[in-house]
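Asker: Residue numbers (our numbering), protein chains in the order written: chain A, 1 to 209; chain B, 1 to 209; chain C, 1 to 209; chain D, 1 to 209.
Here a beta-carbon is modelled for each residue, glycine too, at the ideal position from N, C-alpha and C.
Quantities reported herein were computed from a predicted structural model and do not represent experimental measurements.
What follows is a structure written as structure tokens; I'll ask about it next.
Number of protein chains: 4
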Amino acid sequence: MVWANQYRRNEDTKKAIYDAALALCREVGYEAMSIEAIARRAKAGKQTIYRWWPSKGVLLLDALGVVGNDSATFPDTGDLLADLSSQMTGAARIMSAPQLAPVLIGLLAGAHHDPALAERLMSDLIGPRRKGCFNRLRTARERGELPPDTDEVLLMEQLYGPLYYRYLVTREPLVESYVRRHVNDLLGRLVATTHGNHQHTDPQTGSAR
Amino acid sequence: MVWANQYRRNEDTKKAIYDAALALCREVGYEAMSIEAIARRAKAGKQTIYRWWPSKGVLLLDALGVVGNDSATFPDTGDLLADLSSQMTGAARIMSAPQLAPVLIGLLAGAHHDPALAERLMSDLIGPRRKGCFNRLRTARERGELPPDTDEVLLMEQLYGPLYYRYLVTREPLVESYVRRHVNDLLGRLVATTHGNHQHTDPQTGSAR
Amino acid sequence: MVWANQYRRNEDTKKAIYDAALALCREVGYEAMSIEAIARRAKAGKQTIYRWWPSKGVLLLDALGVVGNDSATFPDTGDLLADLSSQMTGAARIMSAPQLAPVLIGLLAGAHHDPALAERLMSDLIGPRRKGCFNRLRTARERGELPPDTDEVLLMEQLYGPLYYRYLVTREPLVESYVRRHVNDLLGRLVATTHGNHQHTDPQTGSAR
Amino acid sequence: MVWANQYRRNEDTKKAIYDAALALCREVGYEAMSIEAIARRAKAGKQTIYRWWPSKGVLLLDALGVVGNDSATFPDTGDLLADLSSQMTGAARIMSAPQLAPVLIGLLAGAHHDPALAERLMSDLIGPRRKGCFNRLRTARERGELPPDTDEVLLMEQLYGPLYYRYLVTREPLVESYVRRHVNDLLGRLVATTHGNHQHTDPQTGSAR
DNA sequence: CATTAAACGAGACGGTACGTCTCGTCTTTGC
DNA sequence: GCAAAGACGAGACGTACCGTCTCGTTTAATG
């Protein structure tokens with residue numbers, strides 16, 4: 001593609017740098033990972049890294065390759081509660097993956113004093129996911145699954161906030177049961193559904209769990 | 001008293017180090033702040049700092065002097081909604097204070113790879129506030145202001161989660177109107193709905209008991 | 001040539017470091033001179049020094065630039081006594097120069113627990129001078145100026161030993177008259193020459209009385 | 001005795017400090033030995049050391065206890081050559097003892113920028129030995145064993161200079177054969193004796209070939 | 001004896017330097 | 001003409017000692 005080689009960039013080197021960055025991040029953590037070490041491991045010149053990425057955080061964000069992945073697309077089976085549960089447990093699983101957890105907090109912290117990283121983080125990682133969730137909630141509202149006066153943004157933050165809180169502040173494991181309980185609890189108050197208890201039937205087996 | 005000077009610690013030096021740490025954190029940010037610079041500004045020897053604090057984060061936590069302050073005591077006027085609004089807007093104001101915001105995210109990030117800092121953060125900063133909120137919610141439940149099957153910990157996290165989300169993830173200003181809208185929205189649904197969720201969790205650790 | 005810049009070394013920096021080292025050595029002495037201070041004065045990074053020299057002593061030895069200088073070449077006018085007197089008074093002058101005296105003793109002391117310095121000292125400073133003297137003595141023996149059974153090494157050490165003794169042990173000034181008296185006395189006994197200098201000195205202080 | 005306890009000095013502590021100093025000197029060498037480490041090992045306070053000794057060198061000199069020992073007394077059997085050989089081989093043995101060699105050079109180097117150490121070194125260690133030798137040589141001259149115009153000080157330095165030269169400059173082992181050869185050679189020319197020594201040594205390394 | 005003054009161990013303190021590490025820039029060399 | 005290699009100035013890291021300065025606790029001598 002034209003753009004990719006517009007700057008005569010060596011794709012092999014790029015890949016080696018991404019690999020080295022990811023490997024190092026897993027091994028020593030985001031903070032302890034140095035550009036020097038990435039270059040060393042990738043057998044790349046330091047200048048090559050400084051030429052193409054403004055900071056360790058942005059490099060890592062690129063390396064994660066989150067731009068094009070589909071984790072931002074929200075499922076829409078028609079059942080809002082099920083869709084939210086499924087998407088959010090997936091998100092929780094990713095957030096609490098041992099390799100990724102320290103990365104995200106590192107990136108979030110870095111964004112507080114690195115506007116470039118902040119922008120990339122929002123446009124590539126956070127933004128698309130917010131948009132996907134927002135759209136799903138709007139659709140739900142239009143279908144009548146949610147009250148017509150629902151503030152989708154506020155609801156979205158009420159949904160995801162506690163996950164981030166657990167992940168970032170108390171560092172407790174984001175187990176699936178917690179996520180489901182939270183979503184049921186929050187949505188349960190909001191939607192007009194008869195549901196005496198909060199046990200859910202597994203759509204696959206049909207057996208109560 | 002004997003204990004205080006048991007280690008023959010110089011209180012003037014301690015104060016100078018706290019002052020220097022706080023000033024530097026404000027000026028250059030948590031990450032960019034070095035122990036070397038703190039010592040320089042406090043006219044203290046580096047060893048003096050290393051002698052008394054295990055890390056930059058713990059030093060800063062001590063410097064914030066959050067241990068004994070009363071921001072952890074929850075108001076109880078009998079009106080839960082008003083009390084929550086007042087406490088949470090206060091918390092939001094503190095969190096979004098320009099001097100403090102980068103400190104907290106730095107500490108939270110640091111806690112992810114520094115167990116000692118994590119423990120201090122939880123025991124001195126996060127824990128007491130969680131406990132205060134938990135107690136206020138329990139009192140409210142016992143008074144009948146909340147449904148008898150309310151899970152205080154989950155509710156607490158639903159209350160504070162979005163604040164941290166805004167502060168840490170999207171870095172939007174934590175304006176008072178947002179906080180009030182969120183609290184009204186969440187509490188409003190709760191007091192007007194019957195439902196059930198009967199698991200209880202420990203307010204400190206959050207783990208089910 | 002290629003070799004010199006094989007390591008892409010910055011010659012300006014090298015010169016600045018040599019200058020700083022020599023200046024500092026003169027000002028504060030060998031022991032009190034720190035690598036940190038050399039770097040500071042030379043406006044060089046500490047790492048640059050540690051990269052190229054294994055120790056303060058070796059750096060100073062290089063800075064003295066004794067490798068290529070010609071003080072190691074022994075004069076040969078055909079008159080052994082005159083040649084020795086001239087070379088040794090020169091050596092004595094150098095050894096007792098106020099800037100150099102503390103350097104040499106520092107290097108000699110350092111060589112006792114730094115094999116690398118010991119080797120450099122011998123190969124660059126001591127060795128060539130020993131060789132030059134040895135050759136001159138051998139030539140003299142071959143010419144019949146010295147007895148055919150002369151041990152040049154022993155004689156050399158008998159010649160220079162007292163100079164070092166005065167310089168290193170009693171720290172008396174290595175005045176020219178002493179050197180000449182010693183050489184005359186030693187050689188006079190060895191070759192068939194009239195000689196005589198019968199000044200006596202105090203055994204404690206060594207000063208002439 | 002009154003004087004000794006005038007300052008109410010603890011003799012046990014003093015002994016422990018001496019022992020620690022000597023042990024450390026043997027183990028890590030003079031340069032690497034710190035007052036901090038001496039205090040640590042002697043279980044003494046640092047202040048106690050700083051109270052009684054002006055420097056590491058003087059402390060060590062005291063610890064060596066050279067003041068009163070009898071190595072300064074010169075033998076007088078009537079045979080000058082034998083007496084010199086015996087005394088000097090003894091001195092050489094002491095100088096080249098592995099534990100002492102680095103101490104002496106350290107003290108000599110220290111004396112170059114520590115007048116107090118220089119004075120103590122001369123009055124306690126070097127001076128008495130010079131005096132003893134001087135007296136023996138004077139006696140020999142008065143007995144006619146040496147020419148009447150002999151300069152005892154010069155001769156003394158010609159005798160001992162090469163020993164120090166080997167010990168300090170070339171760091172070759174001060175083997176007995178070398179000492180005897182040197183004394184025989186020097187004295188042999190001076191007194192009326194038949195002698196001869198035809199061994200040759202390499203001028204660079206000094207080792208016999 | 002009780003007082004008292006010093007020596008003592010312990011170790012905090014402000015400093016300096018150590019030798020290593022990484023930063024981000026700059027230069028040289030090879031492909 | 002970009003990329004690797006790495007030198008460079010800069011400066012922080014955490015440690016070791018420096019020499020000074022309290023602290024309480026012996027310990028010896030004086031009163």
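If you follow the alpha helix (DSSP H) that B/His182 is part of, which residue opens it and which one closes it?
Answerer: On the second sequence, residue 182 of chain B is found 182 positions in, with the first residue counted as 1. Where B/His182 is concerned, the enclosing alpha helix (DSSP H) stretches over Glu176 to Val191.
Asker: Okay, do the stretch 130 to 145 of chain D and the stretch 151 to 167 of chain C touch, 3+ Cβ pairs below 8 Å being the bar?
Answerer: no
Asker: With 7 Å as the threshold, decide whether the Cβ of B/Ala109 is near any Cβ in chain A.
Answerer: If you number the second sequence from 1, residue 109 of chain B lands on position 109. Yes, B/Ala109 lies at the interface with chain A (some Cβ there is under 7 Å from its Cβ).
Asker: Output the distance between the C-alpha atoms of A/Arg93 and A/Tyr167, rounded to the nearest integer angstrom.
Answerer: Taking the first residue of the first sequence as position 1, residue 93 of chain A is located at position 93. Taking the first residue of the first sequence as position 1, residue 167 of chain A is located at position 167. A/Arg93 and A/Tyr167 have their C-alpha atoms some 11 Å from each other.
Asker: Using a C-beta cutoff of 7 Å, does C/Glu172 count as contacting chain D?
Answerer: Within the third sequence, numbered from 1, the residue matching residue 172 of chain C stands at position 172. So, not an interface residue.
Asker: Given D/Met33, which residues of its chain have a CB within under 6 Å of its CB, disregarding the five upstream and five downstream residues?
Answerer: Locating residue 33 of chain D in the fourth sequence gives position 33, where the first residue counts as 1. Only Leu24 and Cys25 meet the Cβ criterion.
Asker: Taking CB distances under 7 Å as the criterion, tell me whether C/Glu157 reaches chain D.
Answerer: To locate residue 157 of chain C, count along the third sequence from 1; it is residue 157. So yes, C/Glu157 belongs to the interface.
Asker: Nearest CA to the CA of B/Leu104: which residue from A/Pro173, A/Gln158, A/Leu108 and A/Val183?
Answerer: Position 104 of the second sequence, counted from the start, is the residue given in the question as residue 104 of chain B. It is A/Leu108.
Asker: Report the neighbours of A/Pro162 on chain B: residues whose CB is nearer than 7 Å to its CB, in chain order.
Answerer: By one-based count along the first sequence, residue 162 of chain A stands at place 162. Here the neighbours are Glu157, Gln158 and Gly161.
Asker: Tell me the rounded alpha-carbon separation between D/Arg181 and D/Thr13.
Answerer: Residue mapping note: residue 181 of chain D aligns to position 181 of the fourth sequence, counting from 1. Residue mapping note: residue 13 of chain D aligns to position 13 of the fourth sequence, counting from 1. CA-to-CA, the gap between D/Arg181 and D/Thr13 works out to about 46 Å.
Asker: So, is D/Met1 buried or exposed, given that buried needs 16 or more other C-beta atoms within 10 angstroms?
Answerer: Along the fourth sequence, read from residue 1 onward, the residue named residue 1 of chain D stands at position 1. Unreliable positioning characterises D/Met1 in this predicted model, as indicated by a pLDDT of 37, which lies under 50. The coordinate reading is nonetheless provided below. Exposed, since its Cβ has fewer than 16 Cβ neighbours within 10 Å.
Asker: Could you name the residues of chain C that D/Leu22 contacts, counting a contact when the two beta carbons are closer than 8 Å?
Answerer: For the purposes of this step, residue 22 of chain D is taken as residue 22 along the fourth sequence, with counting starting at 1. Going along chain C, no residue has its Cβ under 8 Å from D/Leu22, so there is no contact; the nearest lies around 17 Å.
Asker: With burial defined as no fewer than 16 other Cβ atoms inside 10 Å of the residue's Cβ, what is the status of C/Pro115: buried or exposed?
Answerer: Counting from one through the third sequence, the residue named residue 115 of chain C turns up at place 115. With fewer than 16 other Cβ atoms within 10 Å, it is exposed.
Asker: What is the DSSP secondary structure of D/Thr205, reduced to helix, strand or coil?
Answerer: Taking the first residue of the fourth sequence as 1, we reach residue 205 of chain D at position 205. With a pLDDT of only 49 at D/Thr205, under the threshold of 50, the placement of this residue in the model should not be trusted; the figure read from the coordinates follows. The answer is coil: DSSP assigns D/Thr205 none of H, G, I, E or B.
Asker: Which word fits C/Asn10, buried or exposed, when buried means at least 16 other C-beta atoms lie within 10 angstroms of its C-beta?
Answerer: As a working mapping, residue 10 of chain C is identified with position 10 in the third sequence. That one is exposed.
Asker: Closer than 8 Å by beta-carbon distance: list the chain C residues that pair up with D/Ala118, in chain order.
Answerer: The sequence position of residue 118 of chain D within the fourth sequence is 118, counting from 1. Arg171, listed in chain order.
Asker: Against C/Tyr165, what residues of chain D qualify as contacts under a CB-to-CB distance less than 8 Å, listed in chain order?
Answerer: As a working mapping, residue 165 of chain C is identified with position 165 in the third sequence. In chain order: Glu157, Tyr160, Gly161, Tyr164 and Tyr165.
Asker: Using DSSP with H/G/I as helix, E/B as strand and the rest coil, what is D/Ser34?
Answerer: The residue given as residue 34 of chain D occupies position 34 in the fourth sequence. DSSP places D/Ser34 in coil when its eight states are reduced to three.
Asker: Using the Cβ count rule (16 or more neighbours within 10 Å means buried), how would you classify C/Gln158?
Answerer: Within the third sequence, the letter at position 158 stands for residue 158 of chain C. By the Cβ-count criterion, C/Gln158 is buried, with 16 or more other Cβ atoms from all chains shown falling within 10 Å of its own Cβ.
Asker: Can you say whether D/Gln99 is buried or exposed, counting buried as having 16 or more other CB atoms within 10 angstroms of its CB?
Answerer: Along the fourth sequence, one-based indexing puts residue 99 of chain D at 99. It is exposed - the Cβ of D/Gln99 has fewer than 16 other Cβ atoms within 10 Å.
Asker: In angstroms, rounded to a whole number, what distance separates the CA positions of B/Ala44 and C/Gly106?
Answerer: Sequence index remark: in the second sequence, residue 44 of chain B carries index 44 (1-based). Sequence index remark: in the third sequence, residue 106 of chain C carries index 106 (1-based). Distance between the alpha carbons of B/Ala44 and C/Gly106: 33 Å.
Asker: Residues of chain B with CB under 9 Å from A/Gly45, in chain order?
Answerer: Start at 1 with the first residue of the first sequence, and residue 45 of chain A comes out as number 45. Chain B residues near A/Gly45: none, gap ~26 Å exceeds 9 Å.
Asker: Does the count of Cβ pairs from the stretch 173 to 188 of chain A and the stretch 70 to 88 of chain A closer than 8 Å reach three?
Answerer: Contact holds: three or more Cβ-Cβ distances are below 8 Å.
Asker: Can we count A/Thr77 as close to the ligand HEM, meaning its CB is less than 6 Å from some heavy atom?
Answerer: The ligand HEM is absent from the structure shown, which contains no ligand whatsoever.
Asker: Quick one: which chain A residues come within Cβ less than 8 Å of B/Pro102?
Answerer: Reading the second sequence from its first residue, position 102 is the one you call residue 102 of chain B. Those within 8 Å of B/Pro102 in chain A are His112 and His113.
Asker: Please name the residue in A/Ile17, A/Thr48 and A/Tyr164 whose C-alpha comes closest to that of A/Ala101.
Answerer: The residue you call residue 101 of chain A lines up with position 101 of the first sequence. Answer by Cα proximity: A/Tyr164.
Asker: Which residues in chain C sit within 7 Å of D/Leu186, going by Cβ to Cβ distance?
Answerer: Residue 186 of chain D sits at position 186 when you count from the first residue of the fourth sequence. Neighbours of D/Leu186 on chain C, chain order: Gln158.
Asker: I need the DSSP call for A/Lys43, collapsed to helix, strand or coil.
Answerer: Stepping through the first sequence from its first residue, residue 43 of chain A is reached at position 43. Here A/Lys43 sits in coil by DSSP.
Asker: Figure out for me which residue from A/Ala42, A/Leu61, A/Gly78 and A/Ile126 has the closest Cα to the Cα of A/Gly266.
Answerer: Since the first residue shown for chain A is 1 and the last is 209, residue 266 of chain A is missing from the structure and cannot be characterised.
Asker: Give the straight-line distance between the Cα atoms of D/Asp19 and B/Ser55, rounded to the nearest whole angstrom.
Answerer: Here residue 19 of chain D refers to the residue found at position 19 when the fourth sequence is read from its first residue. Here residue 55 of chain B refers to the residue found at position 55 when the second sequence is read from its first residue. Their backbone Cα atoms lie some 39 Å apart in a straight line.
Asker: Given that a residue counts as buried once 16 or more other Cβ atoms are within 10 Å of its Cβ, and exposed if not, what is D/Val169?
Answerer: Indexing the fourth sequence from 1 puts residue 169 of chain D at position 169. Buried: at least 16 other Cβ atoms inside 10 Å.
Asker: I'd like to know if A/Leu84 contacts chain B, where contact means its C-beta is closer than 7 Å to some C-beta of that chain.
Answerer: Along the first sequence, one-based indexing puts residue 84 of chain A at 84. Chain B, which has no Cβ nearer than 7 Å to the Cβ of A/Leu84, makes this no.
Asker: Which ranges does the alpha helix (DSSP H) cover as unbroken runs of at least 4 residues, wholly within the stretch 118 to 171 of chain C, from first to last along the chain?
Answerer: 127 to 143 and 152 to 164
Asker: Roughly how many angstroms separate the alpha carbons of A/Ala63 and A/Glu119, rounded to a whole number?
Answerer: Locating residue 63 of chain A in the first sequence gives position 63, where the first residue counts as 1. Locating residue 119 of chain A in the first sequence gives position 119, where the first residue counts as 1. If you take the alpha carbons of A/Ala63 and A/Glu119, they lie about 16 Å apart.
Asker: Taking all protein chains shown into account, decide if A/Ala42 is buried (16 or more other Cβ within 10 angstroms of its Cβ) or exposed.
Answerer: Taking the first sequence and counting its residues from 1, one reaches residue 42 of chain A at position 42. Buried, since its Cβ has 16 or more Cβ neighbours within 10 Å.
Asker: Are C/Ala218 and C/Leu60 touching if we call contact CB-CB under 7 Å?
Answerer: Limits of chain C in this structure are 1 at one end and 209 at the other, which puts residue 218 of chain C out of reach.
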